[in-house]
Amino acid sequence: MSVLDSEHSTAARSVLVLSAAALAVTDLSVKAALVQTLGHDSHDTDFGLFTVRVAYDTGAGFGPLSWLPPGALVLGAVALVAVLAALLVRAAPRLRKPALLGAALLLGGALGNLVDLLDGDGVVDYLHTGWLPSSNLAGVFVVTGAGLLVLGTVRGAVREGQ
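Read in order, the letters of the sequence shown correspond to residues 23 to 184 in this note's numbering.
Structure (structure tokens):
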């Protein structure tokens, strides 16, 4: 590995980790501001396309695991995010810019919801559409990031195969 390759690898990993951390902080700041402003049991604030209302998801990703003890859910989430982070950090130097952006969004959203889960109250959800499960900014990051990661990776593979 040349010095330039090593510098590129370090830079790509740094961009991923710092961007993911900034996105997680942004998500957690929005959640904290909404809980402080609207309270734990807020009323609906309608914005047309979506409604803002503070609610808590105690069952990981729209509630299907709410039957699990909180400790098991936290341990599972920690393990999942740790594996995801390790895989994305390792892959970062090989990712093209759209896929790297997707990786940062995915990891940042996962970290935001993981930190939020640690207090035992569940993940704060506040975006309600009526036609999609309730979510938050971290959920938007995860879904958008996964899409960009897949599209950026597939697009990069197609270009390399030409």
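The beta-carbon is built from N, C-alpha and C at its ideal position, and this holds for glycine as well.
Using a Cβ distance threshold of 8 Å, A126 and G61 do not count as a contacting pair.
Rounded to whole angstroms, L56 and V76 show a C-alpha spacing of 7 Å. Looking only at A42, L128, A108, the smallest Cα-Cα distance to V172 is reached by L128.
Here V100 has L136 as same chain residues with Cβ atoms under 8 Å from its own Cβ, once five neighbours each way along the sequence are excluded.
Taking the Cα of D66 as reference, the smallest distance to any Cα among T80, S156, A104 is reached at S156. With contacts defined by Cβ atoms closer than 8 Å, L122 and L40 do not form a contacting pair.
From the listed residues L110, V103, L95, the smallest Cα separation to T80 is found for L95. One Cα belongs to V74, the other to L149, and the distance between them is close to 5 Å. The Cβ atoms of L117 and D49 do not sit closer than 8 Å to each other. Within the segment 139-168, the complete beta strand (DSSP E) segments at least 3 residues long are 145-150, listed from N- to C-terminus. In the DSSP assignment, no residue is bridged to A113. Between G131 and V105, the C-beta gap is not smaller than 8 Å, which leaves the two residues out of contact. Closest in C-alpha terms to S28, from the list R112, A54, Q58, comes R112.
The Cβ atoms of A34 and P115 lie closer than 8 Å to each other. In the DSSP annotation of this structure, the continuous segment of the beta strand (DSSP E) that includes D79 starts and ends at 73-79.
Check the Cα spacing between D68 and each of G98, G152, Y78: the tightest is with G152.
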